[in-house]
Amino acid sequence: MQIEASVPQAVPSDPSVDLNQVRSIIQEFKTLPGAMLPVLHAIQDALGYVPPSVVPLIADELNLSRAEVHGVISFYHHFRQQPAGRHIVQICRAEACQAVGADALVAHAKAALGCDFHGTSSDGQFTLEPVYCLGQCACGPNMQIDDDLHARVSSDKFNRVLRAKRGVQ
Amino acid sequence: MSASNTSITVYVPRDSTALALCAEQVAAAIAQQAAQRGISINLVRNGSRGMFWLEPLVEVATAAGRIGYGPVESEDVAALFDADFLNGGQHRLALGLVEEIPYLKKQERLTFARVGITDPLSLPDYLAHEGYAGLRRALTMPSAALVQEVLDSGLRGRGGAAFPTGIKWKTVAATVAAQKYIVCNADEGDSGTFSDRMVMEDDPFMLIEGMTIAALAVGATRGYIYVRSEYPHAIAALNQAIATANSANYLGDNILGSASSFHLEVRKGAGAYICGEETALLESLEGKRGVVRAKPPLPAIEGLFGKPTVINNVISLASVPIILARGAAFYKNYGMGRSLGTLPMQLAGNIRRGGLVEKAFGVTLRELLQDFGGGTASGKPIRAVQVGGPLGPYLPPSLFDTKLDYEAMAAVGGMLGHGGIVVFDDSVDMAKQARYAMEFCAVESCGKCTPCRIGSTRGVEVIDKIVAGQPQQIKLLRDLCDTMVNGSLCAMGSMTPLPVLSALDHFPEDFGKGELGQAA
Ligand SMILES: Cc1cc2nc3c(=O)[nH]c(=O)nc-3n(C[C@H](O)[C@H](O)[C@H](O)COP(=O)(O)O)c2cc1C
Ligand code: SF4
Ligand code: FES
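Those protein sequence lines, which keep their order, are chains A and B.
Position 97 (the first sequence) corresponds to 96 in numbering that gives the first Met the number 0; numbering is contiguous.
Position 160 (the second sequence) corresponds to 159 in numbering that gives the first Met the number 0; numbering is contiguous.
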């Protein structure tokens with residue numbers, strides 16, 4: 000959704016972001032036709048998010064206004080503007096998963112992680128995100144942690160999978 | 000593949016649904032047991048047959064054919080070896096010859112003919128199973144004849160709108176431009192659909208071949224596959240297959256020594272449902288917000304970067320190789336009325352045997368739900384099915400004898416869309432489903448028009464009031480739906496009322512029971 004106006008940042012310089020790294024990522028992709036999404040993906044893949052402090056750099060290199068760059072970042076659900084937990088937990092909320100108990104799984108996940116959607120568990124391990132279909136609709140409810148898919152996820156299975164991710168067997 | 004003559008070939012799927020059900024662990028366990036027992040096996044990672052209740056479905060090649068075992072868990076593997084499954088031995092998980100399983104045997108697989116059988120990333124495997132026969136024929140034909148062949152096949156776009164593919168191609172072919180594009184719409188955002196994903200993961204060369212034929216037909220030299228970010232496995236498979244096709248000269252400059260060139264690239268979406276709408280997808284590919292463009296101009300005339308562009312769904316493009324290989328007449332022999340060929344349908348949600356069913360158009364919903372699907376997974380009666388994705392209406396059991404064909408579905412107020420069928424048992428709360436449809440529209444609207452952007456949020460509020468005990472608000476909800484239908488630029492806003500109104504019309508008893516509260 001793009002109607003939510005995430006406040007345009009004042010863009011303070013952020014010492015935790017290596018601007019040289021970002022610059023070289025942009026160089027790598029900027030000649031592609033329609034380079035914006037590939038650039039943003041590469042930055043988020045490298046840093047875990049697209050920091051507001053890199054918006055002017057992208058705008059400069061792609062010859063766009065900062066507002067345009069910010070507009071694109073905020074339009075897409077995939078891009079985040081602040082750091083996330085170590086792992087991204089996506090739970091499918093779409094119809095086929097609803098038909099087999101996705102709502103109950105979501106409620107369990109929120110309670111187990113102690114956070115709402117878009118929030119991060121207090122130990123910084125897991126960020127919880129909704130997703131609208133993972134293409135595994137014959138075997139719901141489904142979730143994806145980073146790039147690992149899990150089908151027919153019960154509350155127990157959810158706990159087991161997260162324990163394994165934490166490294167506690 | 001290096002199948003040595005002495006070793007037995009064992010298949011463990013690499014399809015992501017199989018992976019979600021621990022296929023990787025099963026494959027590792029099989030390799031480990033074989034090593035431990037000193038048996039040499041040839042472990043092939045095939046695609047999925049699409050019988051997901053049997054995944055991971057392990058197959059063994061025997062003299063009689065491929066014998067299946069499933070669903071296999073890694074704990075079962077030692078016992079399978081003990082039961083001599085490598086020679087088709089008896090075991091509690093044995094399924095007999097896979098091709099004889101009724102669910103598969105009753106299908107008419109044209110597009111999915113190879114899926115589940117081959118190693119998706121093996122070009123030799125693809126070639127050995129009729130792969131690139133379509134392209135080889137296409138290379139001998141003038142482009143106008145190629146367009147005509149697709150026109151004659153009766154193929155209509157499988158992405159939802161069912162527009163004749165040949166007519167779209169003809170427009171692009173007839174438009175003069177220095178650069179033209181082929182864009183594959185692989186955004187597959189509809190809940191309950193996974194046939195595009197399966198093609199990309201389980202037979203990616205077929206999509207590449209279809210796009211290459213499209214390029215020859217219209218004179219395009221560049222193509223993009225826009226894949227949603229939710230599909231990392233599909234993206235990886237496509238990238239690997241494209242690299243292979245490039246190095247074998249099935250892509251790139253002077254394809255197979257011809258004068259034609261085609262360069263293909265995968266682009267990753269970023270989690271926006273509306274980017275499945277074709278003009279929003281083009282905006283997104285150009286690096287902008289995925290906001291819908293008004294038509295005209297049609298993308299066929301002014302598409303990607305303002306140039307003539309064929310934009311087709313994955314299944315539409317993947318249907319082209321067999322049309323070229325076997326001829327238009329062969330393909331159009333399947334189907335009924337103006338819905339010709341086959342449609343890969345997807346059984347999802349609360350269903351006992353969920354999976355992919357490719358049949359000629361004309362099968363009834365009841366056949367799919369009962370004969371193939373076996374009823375609900377919960378064992379309770381089916382109360383409603385949603386066909387055609389989140390913008391499709393909910394159908395009650397009284398309509399289950401409807402034939403699945405574009406016109407027959409439309410006649411009962413339904414839609415076929417991308418062939419996704421989501422099943423709900425009698426525990427479903429239809430007011431909650433109606434509310435969700437509005438909520439989904441509010442979250443995913445591109446924001447260009449008011450009825451969709453604001454109307455959907457109002458819709459959620461009005462439904463909350465109705466269930467909180469204000470039935471007089473139902474009239475308001477119907478008015479609001481009317482405004483959305485008539486005042487929206489694209490189907491997101493104009494079709495969201497379908498699931499809402501169908502819930503209200505077919506399941507009125509669920510509206511006004513009292514508390515729905517903040518359940519969603
Ligand atoms: C809101 C919305 C979402 C859509 N999502 C998809 C999609 O995910 N995949 C798809 O192929 N077509 C989708 N479409 C249909 C496309 O706009 C377009 O009709 C299709 O890509 C054309 O290809 P075809 O003729 O091969 O079907 C969507 C349409 C709308 C209005
Ligand atoms: S109907 Fe909705 S999604 Fe479609 S153009 Fe209008 S605002 Fe955008
Ligand atoms: S609806 Fe959940 S994976 Fe498709």
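From the three backbone atoms N, C-alpha and C, an ideal C-beta is built for every residue, glycine too.
Limits of the unbroken beta strand (DSSP E) element including residue i
{"i": "residue 53 of chain B", "result": "Premise fails: residue 53 of chain B is in no beta strand (DSSP E) and is neither H nor E."}
{"i": "residue 90 of chain A", "result": "86 to 91"}
{"i": "residue 357 of chain B", "result": "354 to 359"}
{"i": "residue 343 of chain B", "result": "341 to 348"}
Alpha-carbon to alpha-carbon, residue j and residue i
{"i": "residue 208 of chain B", "j": "residue 245 of chain B", "result": "12 angstroms"}
{"i": "residue 505 of chain B", "j": "residue 395 of chain B", "result": "7 angstroms"}
{"i": "residue 77 of chain B", "j": "residue 311 of chain B", "result": "46 angstroms"}
{"i": "residue 397 of chain B", "j": "residue 332 of chain B", "result": "30 angstroms"}
{"i": "residue 163 of chain A", "j": "residue 11 of chain B", "result": "24 angstroms"}
{"i": "residue 301 of chain B", "j": "residue 308 of chain B", "result": "7 angstroms"}
{"i": "residue 423 of chain B", "j": "residue 451 of chain B", "result": "27 angstroms"}
{"i": "residue 416 of chain B", "j": "residue 89 of chain B", "result": "42 angstroms"}
{"i": "residue 32 of chain A", "j": "residue 286 of chain B", "result": "8 angstroms"}
{"i": "residue 173 of chain B", "j": "residue 498 of chain B", "result": "39 angstroms"}
{"i": "residue 490 of chain B", "j": "residue 344 of chain B", "result": "21 angstroms"}
{"i": "residue 197 of chain B", "j": "residue 240 of chain B", "result": "14 angstroms"}
{"i": "residue 14 of chain A", "j": "residue 22 of chain A", "result": "15 angstroms"}
{"i": "residue 168 of chain A", "j": "residue 108 of chain A", "result": "Because residue 168 of chain A sits at a pLDDT of 47, beneath the cut-off of 50, its placement in the model cannot be relied upon, and the following sentence gives the value as read from the coordinates. Approximately 19 angstroms, taken between the alpha carbons."}
{"i": "residue 93 of chain A", "j": "residue 190 of chain B", "result": "6 angstroms"}
{"i": "residue 67 of chain B", "j": "residue 418 of chain B", "result": "27 angstroms"}
{"i": "residue 457 of chain B", "j": "residue 510 of chain B", "result": "17 angstroms"}
{"i": "residue 459 of chain B", "j": "residue 453 of chain B", "result": "10 angstroms"}
{"i": "residue 161 of chain B", "j": "residue 36 of chain B", "result": "54 angstroms"}
{"i": "residue 3 of chain A", "j": "residue 117 of chain A", "result": "At residue 3 of chain A, the pLDDT of 45 sits below 50, so the modelled position is not reliable and the matter cannot be decided from this model."}
{"i": "residue 56 of chain A", "j": "residue 176 of chain B", "result": "35 angstroms"}
{"i": "residue 259 of chain B", "j": "residue 22 of chain B", "result": "40 angstroms"}
{"i": "residue 100 of chain A", "j": "residue 431 of chain B", "result": "13 angstroms"}
{"i": "residue 132 of chain A", "j": "residue 229 of chain B", "result": "8 angstroms"}
Residue range of the alpha helix (DSSP H) that includes residue i
{"i": "residue 212 of chain B", "result": "203 to 217"}
Reduced DSSP secondary structure (H/G/I, E/B, other) of residue i
{"i": "residue 159 of chain A", "result": "helix"}
{"i": "residue 168 of chain A", "result": "Only weak support exists for where residue 168 of chain A lies, its pLDDT of 47 falling under 50; the value from the coordinates is given anyway. Note: residue 168 of chain A maps to coil in three-state DSSP."}
{"i": "residue 272 of chain B", "result": "helix"}
{"i": "residue 475 of chain B", "result": "helix"}
{"i": "residue 455 of chain B", "result": "helix"}
{"i": "residue 320 of chain B", "result": "helix"}
{"i": "residue 255 of chain B", "result": "helix"}
{"i": "residue 554 of chain B", "result": "Outside the displayed span of chain B (0 to 519) sits residue 554 of chain B, for which this structure offers no information."}
{"i": "residue 514 of chain B", "result": "With a pLDDT of 45 at residue 514 of chain B, under the threshold of 50, the modelled position of this residue cannot be trusted; read the value that follows with caution. Coil at residue 514 of chain B, not helix or strand."}
{"i": "residue 311 of chain B", "result": "strand"}
{"i": "residue 62 of chain A", "result": "coil"}
{"i": "residue 143 of chain A", "result": "strand"}
{"i": "residue 411 of chain B", "result": "coil"}
Residue environment, residue i, which counts as buried when at least 16 other CB atoms sit within 10 Å
{"i": "residue 349 of chain B", "result": "buried"}
{"i": "residue 99 of chain B", "result": "exposed"}
{"i": "residue 298 of chain B", "result": "buried"}
{"i": "residue 485 of chain B", "result": "exposed"}
{"i": "residue 404 of chain B", "result": "buried"}
{"i": "residue 77 of chain A", "result": "buried"}
{"i": "residue 155 of chain A", "result": "exposed"}
{"i": "residue 140 of chain A", "result": "buried"}
{"i": "residue 130 of chain B", "result": "buried"}
{"i": "residue 465 of chain B", "result": "buried"}
{"i": "residue 112 of chain A", "result": "buried"}
{"i": "residue 267 of chain B", "result": "buried"}
Same chain, Cβ closer than 8 angstroms to residue i, five either side skipped, listed in chain order
{"i": "residue 400 of chain B", "result": "363, 364 and 365"}
{"i": "residue 146 of chain B", "result": "165, 168, 169, 172, 216 and 217"}
Chain-order list of residues whose beta-carbon lies under 6 angstroms from that of residue i (same chain, five-residue window excluded)
{"i": "residue 16 of chain A", "result": "50 and 52"}
{"i": "residue 440 of chain B", "result": "455 and 495"}
{"i": "residue 391 of chain B", "result": "385, 414 and 416"}
{"i": "residue 195 of chain B", "result": "185, 187 and 313"}
{"i": "residue 108 of chain B", "result": "357"}
{"i": "residue 151 of chain A", "result": "138"}
Any non-hydrogen atom of ligand 5 closer than 7 angstroms to residue i Cβ
{"i": "residue 64 of chain A", "result": "This structure does not include ligand 5; its bound ligands are ligand 1, ligand 2 and ligand 3."}
Residues near residue i in its chain [Cβ-Cβ closer than 7 angstroms; skip 5 each side]
{"i": "residue 382 of chain B", "result": "423, 424, 425 and 427"}
{"i": "residue 124 of chain A", "result": "84, 85, 86 and 165"}
{"i": "residue 475 of chain B", "result": "461"}
{"i": "residue 356 of chain B", "result": "106, 344, 346, 367 and 371"}
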